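Using the numbering used here, you'd call the opening residue of the sequence shown number 1 and step up by one each time.
Glycine included, C-beta positions come from ideal geometry on N, C-alpha and C.
If you're wondering where the values come from, they're calculated on a predicted model, not measured in any experiment.
Below is one structure, written out as structure tokens; the observations come after it.
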Amino acid sequence: MKLLVSAVNENEAREAIAGKADIIDVKNPSEGALGANYPWIIKRIRQLTPENIEVSCTIGEAPGIPATMSLAALGAATTGVNYIKVGLYGLAKVENAIHLVRNITKAVKDVQPSVKVVATGYADAQRIGAIDPLQIPKIAYEGNADFAMLDTAIKDGQSLLTFLNKAQLDIFISEARKYHLKTALAGSLRKEDLVFVQGLGADVVGLRGAACANGDRINGKVKREKVQELIEIINAQMYSTQN
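Structure (structure tokens):
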């Protein structure tokens, strides 16, 4: 399982790199759970990140404006990132989400076929009137994306595991595998949740608060020692499973 750590600027990216994160995720929490950052910041972070470490970015929480979001995705695809994440915020119908993801994926793959598109739903969908999170693998597959991901939309201390139980998460993972998709789980997860998430079989786990000083995703800053601790937990679990 890869560790994705969200950074808002170059200094945080350097801390995540020093802590041995697998993926540096460039976002802007002030614009939402999957708020987009500025293209020049994304480019600078890609440039300072070693080639063996992947970089992802978000293009925001997408309302029903597929042409606009496709143009944003095209721009993101020119920054050198490995993954582009889109949050399916403001969409209540599966067919509309599929249409959005399909057009975003086309925009990305037309210019950078190797870049992976991540369709992201919300575990707390009922709180924001969004799509059932267990529909995200179907949406990702029919939208030609590469990943199905879950996060939380409202950052109030309640996590992914507050809204979805193990049985539901097992369904999410198994549905994604049925469609030959990779999976990512995020949403105010703590270091204590890593072993559980790893046991589910997720390909990527995304964290920010747990990688920040005092666990504060908004006012805290990513710290290398926090990231290193998270990596050590993941590696220890992998070792124990293999032996």
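Worksheet item: Hey, how far is the Cα of LYS182 from the Cα of GLU10?
Response: 28 Å
Item to complete: Drop a sphere of 10 angstroms on the beta-carbon of LEU100, count the other beta-carbons inside from all chains shown, and report buried for 16 or more, exposed for fewer.
Response: buried
Worksheet item: Can you tell me where the alpha helix (DSSP H) with LYS106 in it begins and where it stops?
Response: 94-111
Worksheet item: If you compare alpha carbons, which of LYS85, GLY129, LEU189 and LEU230 is closest to MET69?
Response: LYS85
Worksheet item: On the three-state DSSP scale, how would you describe GLU175?
Response: helix
Worksheet item: Taking the C-alpha atoms as reference points, what is the distance between ALA77 and VAL55?
Response: 12 Å
Worksheet item: Taking Cβ to Cβ, would you say PRO137 is nearer than 8 Å to GLU175?
Response: yes
Worksheet item: Does DSSP put THR68 in a helix, a strand or coil?
Response: helix
Worksheet entry | DSSP state of MET238 mapped onto helix, strand, coil | helix
Fill in: Selection from SER188, TYR141, ILE128 and PHE147 that minimises the alpha carbon distance to LYS155
SER188
Discussion item. Once the 5 residues before and after LYS43 are set aside, which same chain residues still bring their CB inside 7 Å of it?
Written reply: THR79 and GLY80
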